Every structure is written in C-alpha cells, then in structure tokens.
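So the protein lines, in turn, are chains A and B. The first sequence maps to residues 1 to 286 in UniProt numbering. The second sequence maps to residues 1 to 323 in UniProt numbering. Note that the Cβ used here is the ideal one computed from N, Cα and C, for glycine as well. Because the structure is a prediction, the values reported are computed rather than measured. First up is the structure itself, then whatever we jot down about it.
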Amino acid sequence: MSDSSHIVRRTTLRNTAAALLLAVAAIGGFASLTRAETADAPSNETWNSLKTDVFANRPIKDNEGLISIEAPRRAQDAALVPVDIRIDPAKAPNGVKAITLIIDVNPSPVAATFKFGDNSGVTHFSTRVRVNDYSFVRAIAETQDGQLYMTETFVKASGGCSAPAVKNQDEAKATMGQMKLRQFAAKDSIDGRSPELQLMIRHPNNSGLQRDPQTQLFIPPHFIHELSVMQGDRKIFSMESGISISEDPNFRFNYHPDGKNPIRVEATDTDGNKFQDQWPLETAKL
Amino acid sequence: MTILLGRRHVIQGFACIGVTAAMLPCCGGYWMRASAAARDFSLGEIADGIYAFAGVYELMAPANQGAICNLGLIVGNDAVALIDSGGSIKEGQEFLAAVRWITAKPIRYLINTHMHPDHIFGNAVFREAGATIVGHHNLPRALEARGSYYLQSYREQLGDELMKGIEIIPPTVLVDDRLELDLGGRSLELRAWKPAHTDNDLTVFDKATRTLFAGDLVFMSHLPTLDGSLLGWMRQMSELAAVDAARVVPGHGPASAGWPDALQPEQHYFELLAADLRKSIAAGVPLSEAVKTAGQSARDGWSLFDEFNGRNATAGYAELEWE
Ligand SMILES: [Zn+2]
Ligand SMILES: [Zn+2]
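Below you can see the structure in the form of structure tokens.
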C-alpha cells in the first residue's frame with residue numbers, strides 16, 4: 001500500500017468536500033488502490049488497512065444476523081449498482097443508530113454514512129453506488145448501545161468511478177436538484193409490513209475522477225454530500241456521502257410514520273447548492 | 001483462400017484486402033493473400049459510389065482488432081468522405097488501404113457518427129491522411145468527458161499492442177442541426193439528433209443513391225446498446241423512419257439493409273423493454289429485481305443479448321422512473 005493511498009483513506013473519514021478534493025489530488029490515479037483486488041478472489045487486505053482509519057480501534061463484530069447486504073455479483077452497470085441493506089428487528093429491536101457503507105477499492109472507500117432518527121423504524125434501506133473494480137461492499141451498523149456489526153458482499157465491476165456516468169449532459173444540467181418522492185403503502189412495500197418511501201434527486205453526482213484530456217487535470221468533483229429526510233421536525237435519516245453514490249441519488253427505505261406531518265428533504269452539494277422539497281403524507285399509503 | 005479482384009473489377013464488386021498478410025501478385029494479374037489465416041477487410045459497393053464494411057457481432061478484442069462496427073466510403077467527383085474510422089489504428093489503416101484500392105481521390109472528410117471507441121479509435125489515421133473530421137456539436141464535449149477513460153479502460157480490453165497510436169481526436173467541423181457537405185457532384189446531408197443512442201448521434205444521407213448511414217441509431221442482429229436516452233431514442237424513431245432512404249447502413253448489422261424495415265427489430269426490442277420496465281416501476285419492483293426479467297422476451301434473433309440487455313435495462317429503469 002503506497003503512502004499516497006493512506007492519505008486518501010484518512011482524509012475521507014470526515015467526508016467533506018475539501019477532504020475529497022485533497023484525496024483526489026493526492027492519488028493522481030487510483031491504480032495503487034485497486035491492485036489488491038483486481039483478482040477474482042475476494043481479499044480483505046484493503047479492508048484490514050482501512051478499518052482503523054474509519055472506526056479507530058473499536059471492535060467490529062460479525063453481523064450475527066443483525067445486518068445483511070445484497071448487491072449483484074456482477075454489476076450490469078458499474079456506475080449504478082443497487083445495494084440493499086436490511087436490519088433484523090428481532091436482533092435490533094430499537095433499530096440502529098447508523099449504517100456506514102464502504103466500497104473497499106473505491107478511491108474514497110467510505111461511500112456514505114446514514115444516521116437514523118429515534119424511532120425512525122428503518123429496517124430496510126437501498127441505494128445505488130459506483131463500484132470501481134472487483135470489490136467488497138460492506139455495511140457496518142452501529143446499534144443504539146454503540147456496538148458495531150459488519151456484513152459484506154463481493155461485487156465484480158469495473159470503472160464505476162472514473163467513467164462519466166452522465167449520459168445526457170444537457171438534461172443533467174437542466175434538471176439538477178429536482179426531487180421526486182414515491183410513497184408505498186405497507187402492503188405494496190418490499191417487506192410487506194411497513195410503509196416505504198423512495199426519494200429520487202436529480203444530480204450528476206460527478207465523481208471528479210475524469211481527467212481533462214488537454215490539461216490532464218482532474219475535473220472537480222460535484223456531488224451531494226449532505227442530505228436529511230424528515231417527517232415534520234422528526235428525523236428519519238441523514239446522510240453524509242462521498243463520490244460513490246450514483247448519479248441521480250436514489251434511496252428507498254421503510255419507515256415508521258408518526259402523525260400526519262409532511263415529508264421534508266434538504267440536500268447540499270459540494271458547490272454549496274442547497275436543494276429542498278416537501279410532500280404531504282399520502283395517508284392512504286400508510 | 002480468397003481471390004481478390006483487380007482494381008477494375010472492384011468498382012462493381014468488393015475490395016478485399018488481406019490485412020495482416022503481404023499482398024502477392026500471382027495468377028495472371030489477380031492478387032492472392034499470402035496467408036489464409038489473415039482476416040479480410042471487405043469494403044463492398046452497396047450502391048453507386050457507396051461502399052460499406054460490416055463489423056463482426058463481438059465485443060472489441062485483440063482477435064478482431066476492434067473491427068466491430070460498420071464503416072462507410074462515399075465517392076464524389078472530386079473527393080471522398082468516410083463514415084467512422086474503426087476501433088484501432090490497425091483497423092483504420094486497413095480501412096485506408098481498402099479505400100486506396102478503390103479510389104485515389106483525396107479524403108476530404110471523416111465523419112464520426114458518435115463518441116464510441118469502435119467508431120473513433122482510428123481517427124488519427126485519417127487526420128494524417130488530411131481529412132477534416134466532422135461530428136455532432138456535442139461530440140467534443142462527450143470526448144472531453146470520456147476520452148481519457150476510454151483510453152485507460154480499453155487498454156485492458158484491447159491490450160497495449162492494439163492501443164498503439166490511438167488518440168482521442170475531436171471533430172473540427174460541428175453539426176448543429178443539419179449540414180450539407182459537397183464531394184463534387186455529390187451532396188451529403190448530415191443531421192444531428194437529440195439524445196438517443198448517445199447525446200451526440202449524427203447521420204449521413206447520400207441524396208444521389210438515397211443511402212442513409214445511421215451510425216448506432218440503427219442496430220441489426222447486434223443488440224442495441226443504450227448510452228444516451230431510451231425515451232429520446234424511441235421518440236425519434238418515427239422521425240428517423242421518415243428519412244426518405246432506399247437503404248441504410250446500420251452502425252452494427254449487415255453492410256446494407258432495406259429502409260425503413262431495418263428499424264423494426266430494434267423498435268420491437270425497445271418497446272418490449274420499456275413496457276417491462278414501466279410495469280415494474282409502476283408496481284414498485286426495485287431496480288435490482290426489475291432488470292432480471294426486463295426485455296428477456298425479446299431475446300430471439302439478437303447477438304450479444306446477455307452482454308448488453310441487463311445494462312440497457314438498468315439505464316432504462318433509471319430513466320423511466322422519472323416519467
Ligand atoms: Zn458502435
Ligand atoms: Zn455506439
């Protein structure tokens with residue numbers, strides 16, 4: 001592992017735009033980061049060098065069925081890999097405080113940290129990520145009593161971060177910041193037990209890993225790094241994220257509705273743009 | 001062993017260049033390839049003064065030298081135009097040799113139908129040959145965003161040997177909406193399309209023979225690949241079908257096919273794929289599940305279905321869920 005890759009790891013802890021810019025500048029290409037895992041065989045080498053940077057010396061337990069993760073074994077599109085995370089309510093009756101999503105080989109391995117409000121009721125959470133190479137994708141749950149539990153799955157992908165995902169550049173510019181919320185009644189939800197929300201945000205979520213062919217400099221990253229989803233003043237979840245969340249960030253999760261307050265969303269991107277929207281609760285879909 | 005015709009006969013037939021082998025004169029003026037193992041580069045005349053090369057239905061690989069898309073040559077009184085440059089310098093050189101076998105007229109234009117490597121990796125060959133490169137007004141921007149990624153990722157796929165000399169060379173003449181090019185007694189109508197296969201699709205129409213070079217707006221036999229907008233592609237299908245052409249050279253497929261019948265298979269595929277995806281989205285079936293079945297009933301008759309359908313379905317789902 002080279003010195004420069006360690007700088008990347010450490011700077012990503014704070015998940016700030018500045019840190020990411022530094023990370024991008026520091027790596028000058030990411031070949032050294034992916035080497036360990038380019039083989040077919042899964043390797044924990046990258047994770048072992050990464051985990052103390054992210055979680056200090058806190059013990060991380062095997063998941064013991066508390067958390068599970070699902071992703072396709074081979075990504076259809078490396079820039080748009082669906083990831084499903086589930087918490088077993090029997091093992092974590094009060095839910096979890098946070099889930100950290102890590103993609104070992106990505107230039108900035110911490111994809112996102114999701115923090116859940118008290119009684120949010122979130123036990124199933126899915127999003128879409130970029131995966132740069134053959135990699136473990138990990139979810140680490142922090143329970144209400146501060147214990148860490150990890151689960152992982154292996155995804156074969158290539159070029160998810162460096163490939164420009166935006167297929168239609170004019171439309172991406174014109175629609176940036178638009179949001180859409182879908183509400184699913186319990187009977188139509190994935191687990192069939194609790195109502196679900198799907199939040200979609202138009203944003204190029206540019207990874208900043210493409211080089212300008214003339215100057216050979218990296219094109220600056222531009223992505224949503226803070227997001228909060230509330231019902232009224234009550235937090236369902238918030239997210240701090242890096243470059244690994246796919247273009248047009250998309251989140252689907254079950255939740256525990258409380259009262260009839262509207263769903264409110266606020267997002268901030270690395271250029272300082274703020275986006276917000278709100279939707280009345282569709283009471284027929286509770 | 002392939003017998004190659006002399007220059008005089010080529011006008012009516014095919015220019016076949018045994019590409020990896022030395023050309024040996026023999027058999028009373030005919031040319032024969034020195035090695036039967038060599039791959040042919042066949043530039044066939046599909047209409048008066050219009051020639052096309054048909055790529056194989058494969059992914060770009062060292063064995064096929066990246067020669068997977070169709071290429072075209074249009075011969076005017078004063079000069080010629082080429083449509084796309086191929087997927088490697090090697091293929092570009094073979095294309096140039098085949099062109100030179102047919103005509104000595106200057107290559108005035110190289111027209112790039114869009115950004116994909118199989119269509120543009122040979123550009124350097126034709127820049128050296130003096131051609132002016134023409135493309136969609138969005139093509140320079142698309143190449144700026146993707147060029148270095150293409151060079152890096154295709155190195156893994158094609159190997160160092162075949163990547164030698166490949167440069168990303170943007171067009172210098174841009175088509176905003178329509179542009180007419182003159183080759184001397186032969187006028188070509190270029191048309192820039194809205195996002196469909198990519199956001200930089202360009203077609204070339206030869207008025208004299210009513211031949212349409214559709215680039216990757218038309219796929220036949222090779223499953224269409226989506227890197228632009230499924231809705232945009234479907235919406236522009238009727239406008240595309242309305243082009244008053246007698247034949248089309250698809251971006252992938254046979255060298256020539258009847259128009260507009262050639263559009264049928266891909267239209268059918270898009271309609272099935274979109275219908276499946278819309279149904280899943282409406283029912284709240286998540287992307288990860290929906291892409292496992294979407295479009296599968298259209299599988300028959302397509303090469304590379306498994307290589308591209310899942311990817312198309314993924315891109316299509318992400319687009320259609322905003323409807
Ligand atoms: Zn193509
Ligand atoms: Zn293409």
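Can you tell me whether residue i is buried or exposed, with buried defined as 16 or more other CB within 10 angstroms of its CB?
i, result
"Phe238 of chain B", "Before going further, note that residue 238 of chain B is Ser rather than Phe in the sequence given. Answer is exposed; the Cβ neighbour count stays below 16."
"Arg235 of chain B", "exposed"
"Pro262 of chain A", "exposed"
"Pro220 of chain A", "exposed"
"Ser297 of chain B", "exposed"
"Glu180 of chain B", "exposed"
"Gly147 of chain B", "buried"
"Lys292 of chain B", "exposed"
"Lys207 of chain B", "exposed"
"His136 of chain B", "buried"
"Ala284 of chain A", "exposed"
"Gln76 of chain A", "buried"
"Gln93 of chain B", "buried"
"Asp271 of chain A", "exposed"
"Asn254 of chain A", "buried"
"residue 290 of chain A", "Not covered by the structure: residue 290 of chain A. The range shown for chain A is 1 to 286."
"Lys173 of chain A", "exposed"
"His268 of chain B", "exposed"
"Gln264 of chain B", "exposed"
"Asn64 of chain B", "buried"
"Asp199 of chain B", "buried"
"Ala274 of chain B", "buried"
"Glu323 of chain B", "exposed"
"Thr172 of chain B", "exposed"
"Leu217 of chain A", "exposed"
"Ala282 of chain B", "exposed"
"Arg138 of chain A", "buried"
"Pro93 of chain A", "exposed"
"Glu196 of chain A", "buried"
At least one CB of chain A closer than 8 Å to the CB of residue i: is that the case?
i, result
"Ala38 of chain B", "With a pLDDT of only 37 at Ala38 of chain B, under 50, the local geometry of the prediction cannot be trusted, and the value read off the model is given with reservation. Not closer than 8 Å to any Cβ of chain A, the Cβ of Ala38 of chain B fails to qualify, so no."
"Arg235 of chain B", "no"
"Trp193 of chain B", "no"
"Asp199 of chain B", "yes"
"Asp227 of chain B", "yes"
"His153 of chain B", "Note that residue 153 of chain B corresponds to Ser in the displayed sequence, not to His. Cβ-Cβ to chain A under 8 Å: yes for Ser153 of chain B."
"Thr314 of chain B", "yes"
"Ala318 of chain B", "yes"
"Tyr109 of chain B", "no"
"Trp322 of chain B", "yes"
"Gly122 of chain B", "no"
"Gly310 of chain B", "yes"
"Arg127 of chain B", "no"
"Arg141 of chain B", "yes"
"Tyr149 of chain B", "yes"
Just confirm the distance between the C-beta atoms of residue i and residue j, as a whole number of angstroms; I'd bet it's less than 8 Å.
i, j, result
"Ala67 of chain B", "Glu91 of chain B", "5 Å"
"Gly72 of chain B", "Ala52 of chain B", "5 Å"
"Gly177 of chain A", "Phe237 of chain A", "Not confirmed; about 20 Å, so no contact."
"Ser49 of chain A", "Ile243 of chain A", "Contact flag wrong, Cβ pair sits at about 20 Å."
"Gln157 of chain B", "Ala61 of chain B", "7 Å"
"Gly130 of chain B", "Gly87 of chain B", "That belief does not hold up - the Cβ atoms of Gly130 of chain B and Gly87 of chain B are roughly 22 Å apart, past 8 Å."
Using a Cβ-Cβ cut-off of 8 Å, state whether residue i counts as contacting chain B.
i, result
"Glu37 of chain A", "Here Glu37 of chain A scores only 40 on pLDDT, less than 50, and its place in the model should not be relied on; the value that follows carries that caveat. Answer no: the Cβ-Cβ gap between Glu37 of chain A and chain B never drops below 8 Å."
"Phe30 of chain A", "Annotation note: pLDDT 34 at Phe30 of chain A (below 50); position unreliable, coordinate value reported separately. No, because no Cβ of chain B sits closer than 8 Å to the Cβ of Phe30 of chain A."
"Ser126 of chain A", "yes"
"Phe184 of chain A", "yes"
"Asp104 of chain A", "no"
"Asp188 of chain A", "yes"
State yes or no: is the C-beta of residue i nearer than 7 Å to some heavy atom of ligand 4?
i, result
"Thr113 of chain A", "Of the ligands this structure carries, namely ligand 1 and ligand 2, none is ligand 4."
Going along the segment 279-293 of chain B in order, which residues come within less than 7 Å of chain A, judged by CB to CB distance?
Gly284, Pro286, Leu287, Ser288 and Val291
Count the CB pairs spanning the segment 143-158 of chain A and the segment 182-193 of chain A that are closer than 8 Å, and state whether there are at least three.
no
Report the residues of the segment 156-179 of chain A with a CB closer than 9 Å to any CB of chain B, ordered along the chain.
Ser158, Gly159, Ser162, Ala163, Pro164, Val166, Lys167, Asn168, Gln169, Asp170, Glu171, Thr175 and Gln178
Just by C-beta distance, which residues in the segment 62-93 of chain A are closer than 7 Å to chain B?
Pro72, Gln76, Asp77, Leu80, Pro82 and Asp84
Any contact of the segment 79-86 of chain A with the segment 120-134 of chain A, i.e. 3+ C-beta pairs under 8 Å?
yes
Are the segment 239-253 of chain A and the segment 166-180 of chain B touching, with three or more C-beta to C-beta distances below 8 Å?
no
How about the segment 105-112 of chain B and the segment 75-85 of chain B: do they share at least three Cβ pairs that are nearer than 8 Å?
yes
Between the segment 115-122 of chain A and the segment 222-242 of chain A, do three or more beta carbon pairs fall short of 8 Å?
yes
Pull out every residue of the segment 129-158 of chain A whose Cβ sits closer than 9 Å to any Cβ of chain B, in chain order.
Ser158
Is it a yes or a no for the segment 246-253 of chain B touching the segment 208-217 of chain B, going by three-plus beta-carbon pairs under 8 Å?
yes
Touching or not, the segment 97-104 of chain A and the segment 304-314 of chain B, by the rule of three or more beta carbon pairs under 8 Å?
no
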